[in-house]
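Quick note on UniProt numbering: the sequence shown kicks off at 1 and runs consecutively. Below is one structure, written out as structure tokens; comments come after it.
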Amino acid sequence: MTLAEEFRSRNFSIYGQWTGVLCIVLCFALGIANLFHLSPLIAFSIVCLVCSFIIIFIEVPLLLRICPTSPKFDAFIRKFGSNYMRAAIYFVMSAIQWISIWADVSSLIAAAVVLLLASIFYLLAGVKGQQFQGSKTLGGQGVAQMII
Numbered sequence: 001m002t003l004a005e006e007f008r009s010r011n012f013s014i015y016g017q018w019t020g021v022l023c024i025v026l027c028f029a030l031g032i033a034n035l036f037h038l039s040p041l042i043a044f045s046i047v048c049l050v051c052s053f054i055i056i057f058i059e060v061p062l063l064l065r066i067c068p069t070s071p072k073f074d075a076f077i078r079k080f081g082s083n084y085m086r087a088a089i090y091f092v093m094s095a096i097q098w099i100s101i102w103a104d105v106s107s108l109i110a111a112a113v114v115l116l117l118a119s120i121f122y123l124l125a126g127v128k129g130q131q132f133q134g135s136k137t138l139g140g141q142g143v144a145q146m147i148i
């Protein structure tokens with residue numbers, strides 16, 4: 001299945017996964033950009049950076065095969081295999097970034113909005129009863145299994 005066919009499939013988990021990839025870039029960039037504030041916002045920036053690395057492993061399953069990680073970390077990441085669990089983790093990450101408004105209004109709000117959008121996509125996939133379908137471009141559906 002090509003990337004265009006994946007988007008035409010109307011499977012919200014595909015939309016969620018690609019929104020998650022956008023979250024990786026956004027959380028990493030905004031996490032670094034907001035590290036230079038001299039306020040409690042630094043803590044939220046660090047959390048945003050950590051979230052970007054967690055999302056990388058959630059959304060790109062191929063990385064669990066090629067990166068040396070601990071069995072505990074692998075088990076933690078594998079908990080987010082269903083649409084509902086992914087919606088939950090994205091919602092929690094989004095809520096943390098929304099709370100950052102308390103410290104200072106910053107560009108972390110953009111990360112909060114996109115994380116919330118990914119959460120909504122995964123929730124819609126779960127509510128509609130769509131099975132999680134990973135994008136082949138990102139190492140899902142057989143690519144990671146071929147490496148074993």
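Positions of the beta carbon are idealized from the N, C-alpha and C atoms, including for glycine. Quick caveat: nothing in here was measured; it's all calculated off a predicted structure.
Is residue i helix, strand or coil by DSSP?
| i | result |
| --- | --- |
| residue 158 | This structure cannot speak to residue 158, because the chain is shown only from 1 to 148. |
| V92 | helix |
| C27 | helix |
| T19 | helix |
| A144 | Because A144 sits at a pLDDT of 43, beneath the cut-off of 50, its placement in the model cannot be relied upon, and the following sentence gives the value as read from the coordinates. Reduced to three states, the DSSP call for A144 is helix. |
| A103 | coil |
| L38 | coil |
| Q97 | helix |
Considering residue i, what are the terminal residues of the alpha helix (DSSP H) in which it resides?
| i | result |
| --- | --- |
| C51 | 41 to 59 |
| D74 | 71 to 78 |
| L116 | 108 to 127 |
| L62 | 62 to 66 |
Is the CB-CB distance between residue i and residue j below 9 Å?
| i | j | result |
| --- | --- | --- |
| S52 | Y90 | no |
| residue 208 | F12 | Not covered by the structure: residue 208. The range shown for the chain is 1 to 148. |
| I77 | I96 | no |
| L116 | W98 | yes |
| F80 | Y15 | no |
| L22 | S45 | no |
| L74 | L62 | In the sequence as displayed, the identity of residue 74 is Asp instead of Leu. Not a contact, by the Cβ cut-off of 9 Å. |
| G126 | S94 | no |
**OP:** Take every Cβ of the region 32 to 41, pair it with every Cβ of the region 61 to 71, and state whether three or more of those distances are shorter than 8 Å.
**Re:** They do not touch, by the three-pair rule.
**OP:** Please confirm if the region 120 to 135 is in contact with the region 104 to 112, defined as three or more CB-CB distances below 8 Å between the two stretches.
**Re:** No, the region 120 to 135 is not in contact with the region 104 to 112.
**OP:** Flag this pair as touching only if the region 76 to 91 and the region 56 to 66 have three or more C-beta atom pairs under 8 Å; answer yes or no.
**Re:** The region 76 to 91 makes contact with the region 56 to 66, as at least three CB pairs between them are under 8 Å.
**OP:** Determine, using beta-carbon pairs with one atom in the region 38 to 46 and one in the region 93 to 107, whether at least three such pairs fall under 8 Å.
**Re:** The region 38 to 46, when compared against the region 93 to 107, does touch it at the 8 Å Cβ threshold.
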